[in-house]
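Q:
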Amino acid sequence: MNGFSYFGKRPTLSNIEPVLENHIFDKDFDLYNKRIRIQFIKHIRDEIKFNSIDEIKSQLMQDMVRAKEILL
Numbered sequence: 302m303n304g305f306s307y308f309g310k311r312p313t314l315s316n317i318e319p320v321l322e323n324h325i326f327d328k329d330f331d332l333y334n335k336r337i338r339i340q341f342i343k344h345i346r347d348e349i350k351f352n353s354i355d356e357i358k359s360q361l362m363q364d365m366v367r368a369k370e371i372l373l
């Protein structure tokens, strides 16, 4: 499976504790509370504080395109 991950404090949402979010390409199944192994290949960008959730969604789409260019 290929995908991309985010690790950070989600400054737009004012989180204090860091989180790890994994986005798997083109798969439609539930991995919540499942144990998976992640291999980090390349850093795509630094953490950004956005002005809205829509900006986050837009950036995630750009991140997905960049990750696919690297992995596929």
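First residue of the sequence shown? That's 302 in my numbering, and the numbers climb one at a time after it.
Beta carbons: idealized from backbone N, C-alpha and C, even for Gly.
1) Below 8 angstroms on the Cβ atoms is my contact criterion, and I expect GLN363 with ILE349 to pass it. Report the Cβ-Cβ distance as a whole number of Å.
2) Quick one: grab the DSSP three-state call for SER359.
3) Tell whether a beta-carbon distance below 8 angstroms holds between ILE339 and ASN323.
4) If you drop the 5 nearest sequence neighbours on each side, which residues of the same chain put their C-beta closer than 8 angstroms to that of LYS369?
5) Return the bridge partner residues of ILE325 from the DSSP annotation.
A: The short version:
1) Contact flag wrong, Cβ pair sits at about 11 angstroms.
2) helix
3) yes
4) ASN303 and PHE326
5) GLY304
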